[in-house]
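Student: The sequence shown maps to residues 674 to 1060 in this note's numbering.
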Amino acid sequence: MAERLSPRAILDKLVSFPTVSNDTNLPLIEWVQEYLASHGIVAHQHPHETDPAKAGLFAHVGPDVEGAIVLSGHTDVVPVEGQPWSTDPFEVVEKDGKLFGRGTCDMKGFDALAVWAIVEGHYSDLKRPLQLALSYDEEIGCTGAAPLIESINKYFPKGSATIVGEPSMMGAVTGHKGGQGFNVHVRGFEVHSSLMHTGVNAIMYGAKLIEWANEMNAENRAKEAGPVAATFEPPWTTVHVGVIEGGTAHNITALDCRFGLDFRIVPDENRDDWIARFKAKVAEVEAEMQAVVPESHIALQEKFYVPGLMPEEAGEAEALVRQLTGDNAPRVVSYGTEGGHFQDAGYSTVICGPGDIAQAHQPDEFLSVAQFEAGQGFMQKLIVACS
674 MAERLSPRAI LDKLVSFPTV SNDTNLPLIE WVQEYLASHG IVAHQHPHET
724 DPAKAGLFAH VGPDVEGAIV LSGHTDVVPV EGQPWSTDPF EVVEKDGKLF
774 GRGTCDMKGF DALAVWAIVE GHYSDLKRPL QLALSYDEEI GCTGAAPLIE
824 SINKYFPKGS ATIVGEPSMM GAVTGHKGGQ GFNVHVRGFE VHSSLMHTGV
874 NAIMYGAKLI EWANEMNAEN RAKEAGPVAA TFEPPWTTVH VGVIEGGTAH
924 NITALDCRFG LDFRIVPDEN RDDWIARFKA KVAEVEAEMQ AVVPESHIAL
974 QEKFYVPGLM PEEAGEAEAL VRQLTGDNAP RVVSYGTEGG HFQDAGYSTV
1024 ICGPGDIAQA HQPDEFLSVA QFEAGQGFMQ KLIVACS
């Protein structure tokens, strides 16, 4: 019989793969697939549609029936360049009750526990199936989740409840804001700045869109929050610009201006409404530009879309997690996860995983040993509940 690795041994292996989002995750995926196969578990890869260096993975154990509990995690991590790490980020180092390493908290700790649970479930007399779903490119917009979910349902009976193992200190998180991002390219017309009225300064017209973002934030902050919005911090939809570039010289009207504009949308608000409002403002500014130079324009490219996770009334996934953890505290978060994609696909969904989100993306990222052990205890109870 193949060796049944401990959660810690699996974690050590997963962290050793430097699966930064702009690099390949295939060695990790292939290792998990081979490890599961050594125990007689068939796992399928879901290749990235355009990048052959990336893939997701999914597996099913237990009876071949609908209603599985899906354990969902992402395999990619954020970069370490420029961060002052005191240990090798791609080696798990244990000290002072903490497991240091890139991804230990976000979220290879949960991934290791999920892989362990799938193997343990395979050797148990499960009455309800478990499924494993490991994705790619979560850190750059959750772009790998939706096609992975579609692929799972082509191979296995559809699950009914999903536990997304983002770090939540093993508490139940039942809602999060949605995300919508755009790359904005304002194309102007260069003239000497002394004749700026005959040119189109892309930066200055781009600034009108950025000012619109400020106006929307002020408007949203001032209005009374609804019952769903009131549970979030901040309790409104936010519009943000974090990076901008453009221009050639101080005395030339800028030919180009590029920036990203992102929404974090309260889950009971309509994403399409926000897109329509933004595009209306873009059309207004573009018309002003073209009144000066007709060939000037503004181009929008959708960067990412992350559906919000809406708190469910009598949600199956939430009830299961609260039963296994004893946690009854209400929690929502303002960051996005792949949970919204699962909920949109018809799964009852909750977020619950080991670790503190404050450690995510940090130098010397860590997962406490106590949290990792709590996660293992949760998986043991889950297997019992499915048996």
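Heads up, the beta-carbon is just placed ideally off N, CA and C, and yes, glycines get one too.
How far does the beta strand (DSSP E) with GLY854 in it extend, from its first residue to its last?
Tutor: Counting from 1 along the sequence shown, the entry for residue 854 is found at position 181. Counting along the chain, the beta strand (DSSP E) containing GLY854 begins and ends at 851 to 860.
Student: Are the beta-carbon atoms of ASP941 and PRO980 separated by less than 8 Å?
Tutor: Walking along the sequence shown from the start, residue 941 turns up at place 268. Walking along the sequence shown from the start, residue 980 turns up at place 307. Not closer than 8 Å, so no.
Student: Using 8 Å as the threshold, is the C-beta distance between PHE773 and GLY1048 below it?
Tutor: For the purposes of this step, residue 773 is identified with residue 100 of the sequence shown, where counting begins at 1. For the purposes of this step, residue 1048 is identified with residue 375 of the sequence shown, where counting begins at 1. It is not a contact, given that the beta carbons lie outside the stated cut-off.
Student: Based on Cα-Cα distance, which residue from ALA1043, VAL1042, GLY1013 lies nearest to GLY817?
Tutor: Translated into positions along the sequence shown, residue 817 becomes position 144. Here the closest residue by C-alpha is GLY1013.
Student: As a quick exercise: from GLY713, GLY999, GLY848, GLY838, pick the residue whose alpha carbon is nearest that of HIS795.
Tutor: Residue numbering aside, residue 795 sits at position 122 when the sequence shown is read from its first letter. Per the Cα distances, GLY713.
Student: Work out the CA separation of GLU897 and MET889 for me, nearest whole Å.
Tutor: Along the sequence shown, one-based indexing puts residue 889 at 216. Along the sequence shown, one-based indexing puts residue 897 at 224. Distance between the alpha carbons of MET889 and GLU897 is about 14 Å.
Student: Closest to ALA895 by CA distance: which of GLU764, THR910, LYS881 is it?
Tutor: Residue mapping note: residue 895 aligns to position 222 of the sequence shown, counting from 1. Looking at the Cα atoms, THR910 is the closest of the given residues.
Student: Given that a residue counts as buried once 16 or more other Cβ atoms are within 10 Å of its Cβ, and exposed if not, what is LYS952?
Tutor: To locate residue 952, count along the sequence shown from 1; it is residue 279. LYS952 comes out exposed.
Student: Tell me which residues share the same chain as ALA1033 and place their Cβ nearer than 7 Å to its Cβ, disregarding the 5 neighbours each side in the sequence.
Tutor: Here residue 1033 refers to the residue found at position 360 when the sequence shown is read from its first residue. So the qualifying residues of the chain are CYS778, ASP779, PRO840.
Student: In terms of residues, what are the limits of the beta strand (DSSP E) holding GLY838?
Tutor: Within the sequence shown, the letter at position 165 stands for residue 838. Run containing GLY838: none; DSSP gives neither H nor E here.
Student: Does the count of Cβ pairs from the stretch 821 to 841 and the stretch 1005 to 1012 closer than 8 Å reach three?
Tutor: Contact holds: three or more Cβ-Cβ distances are below 8 Å.
Student: Taking the beta carbon of GLY899 as the centre, do at least 16 other beta carbons fall within 10 Å, making it buried, or is it exposed?
Tutor: Counting from 1 along the sequence shown, the entry for residue 899 is found at position 226. With fewer than 16 Cβ atoms within 10 Å of its Cβ, GLY899 is classed as exposed.
Student: From the DSSP output, in three-state form, read off HIS904 for me.
Tutor: The count along the sequence shown starts at 1 and reaches residue 904 at position 231. The sequence shown places Thr at residue 904, rather than the His named in the question. In this structure, THR904 counts as helix in the three-state DSSP scheme.
Student: Are the Cβ atoms of MET843 and GLN1044 separated by less than 8 Å?
Tutor: Numbered from its first residue, the sequence shown carries residue 843 at position 170. Numbered from its first residue, the sequence shown carries residue 1044 at position 371. In contact: MET843 and GLN1044 (Cβ atoms closer than 8 Å).
Student: By alpha-carbon positions, which one of GLN718, LYS881, GLY933 ends up nearest to LYS827?
Tutor: Locating residue 827 in the sequence shown gives position 154, counting from the first residue. Of GLN718, LYS881, GLY933, the residue nearest in Cα terms is GLN718.
Student: Can you tell me whether THR723 is helix, strand or coil according to DSSP?
Tutor: As a working mapping, residue 723 is identified with position 50 in the sequence shown. Here THR723 sits in coil by DSSP.
Student: Helix, strand or coil, according to DSSP, for SER745 in the structure here?
Tutor: Looking up residue 745 in the sequence shown gives position 72. Strand, per DSSP.
Student: Check whether the Cβ atoms of GLU884 and GLY872 lie closer than 8 Å to each other.
Tutor: The sequence position of residue 884 within the sequence shown is 211, counting from 1. The sequence position of residue 872 within the sequence shown is 199, counting from 1. Not a contact, by the Cβ cut-off of 8 Å.
Student: Where do the ends of the beta strand (DSSP E) carrying GLY620 lie?
Tutor: Residue 620 is absent from the structure shown; the chain starts at 674 and stops at 1060.
Student: Considering just the uninterrupted stretch of the beta strand (DSSP E) at VAL916, what are its terminal residues?
Tutor: Position 243 of the sequence shown holds residue 916. Run containing VAL916: 911 to 919, per the beta strand (DSSP E) assignment.
Student: For the pair the stretch 969 to 986 and the stretch 785 to 794, tell me if three or more CB-CB distances fall below 8 Å.
Tutor: No: the two stretches stay apart, fewer than three of their Cβ pairs being nearer than 8 Å.
Student: Can the beta-carbon of THR998 be found closer than 8 Å to that of THR835?
Tutor: Numbered from its first residue, the sequence shown carries residue 998 at position 325. Numbered from its first residue, the sequence shown carries residue 835 at position 162. No, these two residues do not count as a Cβ contact at 8 Å.
Student: Determine the DSSP secondary structure at SER1062, reduced to helix, strand or coil.
Tutor: Absent from the structure is residue 1062, since the part of the chain shown begins at 674 and ends at 1060.
Student: What are the start and end residues of the alpha helix (DSSP H) that includes GLU892?
Tutor: Position 219 of the sequence shown holds residue 892. Segment 875 to 895, the alpha helix (DSSP H) holding GLU892.
Student: By DSSP's criteria, VAL705 is part of a beta bridge. Which residues make up the other side?
Tutor: As a first step, residue 705 is located in the sequence shown; it is residue number 32 there, counting from the start. For VAL705, which the question treats as bridged, DSSP gives no partner whatsoever.
Student: Take ALA785 as the anchor and find which of GLY1026, VAL1057, PRO1036, GLN1035 has the nearest alpha-carbon.
Tutor: Residue 785 sits at position 112 when you count from the first residue of the sequence shown. Closest option to ALA785, Cα to Cα, is GLY1026.
Student: Look at the alpha carbon of SER745 and the alpha carbon of ALA949, and state the distance between them as a whole number of angstroms.
Tutor: For the purposes of this step, residue 745 is taken as residue 72 along the sequence shown, with counting starting at 1. For the purposes of this step, residue 949 is taken as residue 276 along the sequence shown, with counting starting at 1. Approximately 32 Å between the Cα atoms of the pair.
Student: If you measure between the beta carbons of MET962 and GLY879, is that distance less than 8 Å?
Tutor: Residue 962 sits at position 289 when you count from the first residue of the sequence shown. Residue 879 sits at position 206 when you count from the first residue of the sequence shown. No, the pair does not count as a contact, with Cβ atoms beyond the cut-off.
Student: Does the Cβ of GLU991 have 16 or more other Cβ atoms within 10 Å, making it buried, or fewer, making it exposed?
Tutor: Here residue 991 corresponds to residue number 318 of the sequence shown, with the count starting at 1. Answer is buried; the Cβ neighbour count reaches 16.
Student: Report the rounded CA-to-CA distance for SER679 versus GLY1050, giving the unit in angstroms.
Tutor: Here residue 679 corresponds to residue number 6 of the sequence shown, with the count starting at 1. Here residue 1050 corresponds to residue number 377 of the sequence shown, with the count starting at 1. Answer to the nearest angstrom: the Cα atoms are 13 Å apart.
Student: Considering Cα atoms alone, identify which of GLY851, MET674, GLU764, ARG677 is closest to VAL1063.
Tutor: Residue numbering for the chain in the displayed model covers 674 to 1060; residue 1063 lies beyond these limits and cannot be assessed.
Student: Is the beta carbon of PRO720 closer than 8 Å to that of ALA648?
Tutor: Lying before the first or after the last residue shown, residue 648 is absent from the chain, which here runs from 674 to 1060.
Student: Assess contact between the stretch 748 to 765 and the stretch 682 to 700, defined as three or more Cβ pairs (one per stretch) separated by less than 8 Å. Is contact present?
Tutor: Judged by Cβ distances under 8 Å, the stretch 748 to 765 makes contact with the stretch 682 to 700, as three or more pairs qualify.
Student: Do you know whose CA, among LYS976, GLU959, GLU975, GLN974, lies nearest GLU968's CA?
Tutor: Position 295 of the sequence shown, counted from the start, is the residue given in the question as residue 968. Of the listed residues, the one whose Cα sits closest to GLU968 is GLU959.
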